[in-house]
Each structure stands twice: as structure tokens, then as C-alpha cells.
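Here's the structure we're looking at; comments come further down.
Residue numbers (this note's numbering), protein chains in the order written: chain A, 167 to 227; chain B, 687 to 1217.
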């Protein structure tokens, strides 16, 4: 391998590894990156329809 | 509240990044990249590759992620819905039709290649392939027989039932995972498969980097093999002549473009399951760089340096030996067969190719599942069944008309080469010009965890489409005359496979146009305001 080839190889491999490393660091340093994406409001507790009906019923009263 | 009509969502941010990276990482990273680099200037290839990465790869990925999330938050999960919404008219949905048709048709042959990877992994595990030893032609014969390349229907008559069984297994795996849904199927599988893939690749890489030259060819060292891959090689004349060659730029842009899975409509659908404030800038950059890592670091260091040590520079100088299929399924098995513990490393290599292929093929099914659910108002189960029928018919066609891989080659050419350029250009224009520079930038920067340069919209509006159109024009000039000849003059005495493949493509296009017509009715009946 020539010096130019060695330079290209190191530059290409180092560049890609560095970019990926930086991105992974940024993603993992975000506190919720591995946690569930749903916010509490997204969680369906299964009681939504009942309470909805209840309030409509109350309103009718 | 979920933004998706089906209620589908990603469960973690790392999960969506791994799924998109898995969609991008495929055979192209490990087999196509080294061949393209070696044929187009070696180390010099990295200059146009880097330019294409910066002005096509990253801008297209960013625009596709942002456009997908934009559509998803308005209740659309498929390219037709997203395009119709942005263009503010029902006819706009037809502009996005290719974003569901291309992945489905690519899946019909990709699953065969995926099965071939698993088939090779199995035959390394059982010792069949390693048993060929240094008989170079035996591996070639095995490949030809496996794919039934001698005559149409050969795969059904020449005792290749075992390979068909592997195609069936791959079909089952894909549809089982897609049926389980976005987070329980695709995301969970990618969360396991992607790290496993990298571990397998790193083990094979360590093996390659510790290889010793054969006693009879002491000059064929690892160092020389790395030089074959990375030395800047002048084709005709000086370095500048090589860099002035449009074919080198065409190859580099094509590699970036096909490898990143941008312009297929896959990322549109995946990103549509994100929330309005979820980051897309860093996530897409992470998946793009993950794909680049698998390509440059793993793909660039494994295949050709190993092949150089065992087969030599003369063998690799023949472009036929380093094409994607020949490098993967003929050249590399010959390398593993001569390597100490080659059975184990051959198994690992083909297993990692299989994992890369599954994570890609899964992403090809989700866009049409989303459209079927949206368009026909049906649940995931019947959507999966309809898609299963279409893809089964397509794969049967590919597997049956296998002589010279004509059917596979035709569908691949029109879908993964021709239409992808058109769709990617249209998508870039829609993001840059219809959504506009102000709204487009705001969409991209919303929730971003990195600073998005403002100049990106200039690149997306002017440079990327111009670059894509130039490369497309050059590519058409070089590739279309031969294809036109094949359509107009089919070989005498043989079934017109090329015409039949085009007919199949038209049938699938018609089917999805009916689905879009139904989807338009549903979208506008339910008062889904276009954005």
C-alpha cells in the first residue's frame, strides 16, 4: 500500500468512525433516548371511554 | 394521542434509529461498495463518494425524515398520503405512488437474495460449501444451480427444493415480524439484529486483518490487499483525468444513493410514526453515519483485502469477479474455503448478510401496509394477507423465470435504478419548493438536538435536485439504449421475460392506483385537512 493509500484509508475509516461516534454520543447523552417515546398523555389506561361516557352522562343531568 | 390511524408508534428513539439504519444497511454495503471503489479509482473513489455523501446523502435523508414526520403528524403514514397532504390535492397522492410500489416490487426479488444468504450460511454450517475446498468452479456451479440460472423453471426441476424452502422461511420471518407491528416486530428485531450484525462483521474483520499470505504467493499480503482497495488508482492518465471521468462520479453517487435507502419512500413511512417534537436531524445523521460505517469500515476492509490474499490481483482485476453477486456468492466463498476455520467465518459472513437483508426487506413492506390500512380502511391482518399475496406472486415470477436472472434484473433495473431517481428528485423538489424553504427548515429544525445549518435548504432546493438530474441524465444515456433493445427484440424461441416483468410492474401500479383512489375518498370524507 502506498502512503497516499494509507492516508485515504485512515481518513475514510477515521472520518466515518468519528462521525458515527459523535452521533452515538449525542444520542446516548440525551436522557430519554432509550426510554419509551410515549408521553404520559399517550398512555391509554383503558378507562378513557368510561370516563368520557361518564362526563357526557353528567352533562345530561 | 397517536398520530397514526393504526395507532402504531416507535417505542424508543434508539429503536427507530436502528430500524432506519437496518433498512439502509444491506448487501450493497458489504458487496457493492468494495467492487465499485476498486473499479472506479480505488482511494480516489472516496472523493466523489464524500461529495455525494454531503450534497445528496445527508440532505436527502434529512428532507425525507422531516417530510415523513410532517405527514405523520397530519395522520398520513404512506408516501401517497404525505404527498397528497403537502400538495393539497387528491391527485397529489398519485405522485407518491412510487413510494409504495417500489419497495413492494424490490421486496419480490430481495427476499430471494436474502434466502440465498441464509442458504449459504446453512451450507457453511453443514460443511457443504467448505467441502468444495480450492475448487473455484464448484462454487460458481453451486451459485448457478441454487438460483436456477441455466433455464427458466430450473429451480423447480433440478432438485433445488431446499432453496425454495429457504425462500419460504424468509417469507415467513418477514411477514411474521411485519404482522407483529412496528414496535413489537420491526423495532424489536432490529434492536437485536443490528448489534448482532456488527459483532459478526467485527469478528470476520479481525479474522481478515490477521490473515497470513499463502506460502506459494508470499507477495499477496494483507497490506497489498488493503492497497488494492485503498490506493488512489489512475485509470487513464493522471489523477485529475480519473476525477474528471463522469462514470466515477456516477458510480459514487449511485453507491451513496442506493446504499442509504433514500428516495424509496421507506424513511417517509418510518419517520411518519414520530411525534411532532421528536428529533429528526440527529437521528437521521446517526442512521446515515451508521450506514457509512458499515460500508466504508466493514465493507471496505473485509471483502477485497481477503480476496486479494487468496485469489490475487489478476483475479480481482476482472470486473466480472467483483460485481455484487459474483463477489458475494462466488468469489468470497472461494476465499472462505481456503481460509483456516473458513467454515465458521463463512457462516458468520453470510449470516450477517442475511441479518442485513432482513432488516432491509422488513422496511420494504411497511409503506404498503400503511397505505392498505389507510386506503382500504382495513386492519393489519388483512393488509398483511393482501401484501403477502402480491409479493408471493412477484417472487414466484422472479424464481421461475430465473435463466440468466432476467426477471430479477429487469425488476431491479426499473425499480431500484430508474424509478428511484425520479421519486427521489420529486421528493426533494416537494420538500424544497412546495413545503418551501421557511417551512421546510422549521420542520427540520423542530425538536432538533443538533444545529441544522440554514444553508441546507439551499442545497436541498438547488444543488441536490440538479446533481440528481445530471447523474440521472448521464445514467439514462448509458443504460437505457441497451434496455430498450432488450424490450424491442426479445430472444427468439424464449418467453418474453422482460415484457412480462414490465407487465407485472404495470399490474402492481394499477392495483395501488385503485387503493390510492379509495384512500383519497377516505381521507377527504374524514375531513383530514391537507396541510
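Don't be surprised by glycine CBs; every beta carbon is placed ideally from N, CA and C.
Just how far apart, CA to CA, sit residue i and residue j?
i	j	result
residue 1035 of chain B	residue 1043 of chain B	12 Å
residue 875 of chain B	residue 1167 of chain B	42 Å
residue 205 of chain A	residue 194 of chain A	At residue 205 of chain A the pLDDT is 48, less than 50, meaning the model places this residue with poor confidence and gives no usable figure here.
residue 703 of chain B	residue 1160 of chain B	33 Å
residue 901 of chain B	residue 993 of chain B	16 Å
residue 852 of chain B	residue 802 of chain B	8 Å
residue 866 of chain B	residue 1108 of chain B	32 Å
residue 1099 of chain B	residue 1165 of chain B	9 Å
residue 823 of chain B	residue 1074 of chain B	37 Å
residue 781 of chain B	residue 738 of chain B	26 Å
residue 962 of chain B	residue 751 of chain B	12 Å
residue 1130 of chain B	residue 1140 of chain B	10 Å
residue 855 of chain B	residue 1198 of chain B	27 Å
residue 173 of chain A	residue 712 of chain B	27 Å
Below 8 Å on the Cβ atoms is my contact criterion, and I expect residue i with residue j to pass it. Report the Cβ-Cβ distance as a whole number of Å.
i	j	result
residue 1202 of chain B	residue 1185 of chain B	Not quite, the Cβ-Cβ distance comes to about 26 Å (not below 8 Å), so this is no contact.
residue 1091 of chain B	residue 833 of chain B	7 Å
residue 649 of chain B	residue 914 of chain B	Because chain B here runs from 687 to 1217, residue 649 of chain B falls outside it and cannot be looked at.
residue 973 of chain B	residue 793 of chain B	No, residue 973 of chain B and residue 793 of chain B are not in contact; Cβ-Cβ is about 20 Å, not under 8 Å.
residue 1136 of chain B	residue 1117 of chain B	Contact doesn't hold; Cβ gap of about 19 Å is too wide.
residue 771 of chain B	residue 757 of chain B	6 Å
residue 1031 of chain B	residue 870 of chain B	Wrong, their Cβ atoms sit about 33 Å apart, outside the cutoff.
residue 1079 of chain B	residue 1087 of chain B	About 13 Å; that fails the 8 Å criterion.
residue 1151 of chain B	residue 1111 of chain B	6 Å
residue 1127 of chain B	residue 695 of chain B	Their Cβ separation, rounded to whole angstroms, is 26 Å, which puts residue 1127 of chain B and residue 695 of chain B out of contact at 8 Å.
residue 183 of chain A	residue 890 of chain B	Not confirmed; about 17 Å, so no contact.
residue 917 of chain B	residue 180 of chain A	Wrong, their Cβ atoms sit about 17 Å apart, outside the cutoff.
residue 976 of chain B	residue 186 of chain A	6 Å
residue 1057 of chain B	residue 698 of chain B	That pair is no contact at about 25 Å.
residue 1037 of chain B	residue 886 of chain B	6 Å
Looking at the unbroken alpha helix (DSSP H) that takes in residue i, where does it start and where does it end?
i	result
residue 1209 of chain B	1183-1211
residue 188 of chain A	169-194
residue 1044 of chain B	1028-1062
residue 907 of chain B	No alpha helix (DSSP H) contains residue 907 of chain B, which DSSP labels as neither H nor E.
residue 874 of chain B	874-895
residue 790 of chain B	784-811
residue 1151 of chain B	1150-1174
residue 823 of chain B	822-833
residue 712 of chain B	Unbroken run through residue 712 of chain B: none, as it is neither H nor E.
residue 843 of chain B	840-843
residue 1019 of chain B	1018-1024
residue 861 of chain B	847-866
residue 780 of chain B	778-781
Can residue i and residue j be called in contact, C-beta distance under 8 Å?
i	j	result
residue 1134 of chain B	residue 948 of chain B	no
residue 938 of chain B	residue 728 of chain B	no
residue 167 of chain A	residue 912 of chain B	yes
residue 788 of chain B	residue 1076 of chain B	no
residue 1191 of chain B	residue 1097 of chain B	yes
residue 708 of chain B	residue 1065 of chain B	no
residue 908 of chain B	residue 995 of chain B	yes
residue 1015 of chain B	residue 806 of chain B	yes
residue 928 of chain B	residue 718 of chain B	no
residue 735 of chain B	residue 1008 of chain B	no
residue 721 of chain B	residue 1013 of chain B	yes
residue 796 of chain B	residue 1101 of chain B	no
residue 836 of chain B	residue 1089 of chain B	yes
residue 967 of chain B	residue 1138 of chain B	yes
residue 956 of chain B	residue 1187 of chain B	no
residue 971 of chain B	residue 743 of chain B	no
Does the beta-carbon of residue i, which I'm using as the reference point, lie nearer than 7 Å to any heavy atom of the ligand HEM?
i	result
residue 1059 of chain B	No copy of the ligand HEM occurs in the structure displayed, which carries no ligand at all.
Taking only runs of the alpha helix (DSSP H) that begin and end inside the segment 721-774 of chain B, which ones reach a length of at least 4 residues, in chain order?
732-738, 744-758, 765-773
Whole alpha helix (DSSP H) runs in the segment 962-998 of chain B with 4 or more residues, listed along the chain?
967-978
Where are the alpha helix (DSSP H) runs, 4 residues long or more, that stay fully inside the segment 1086-1143 of chain B, in chain order?
1092-1099, 1106-1115, 1123-1131
My parser needs the beta strand (DSSP E) runs of 3 or more residues fully inside the segment 918-955 of chain B; what are they?
You should have found no qualifying run.
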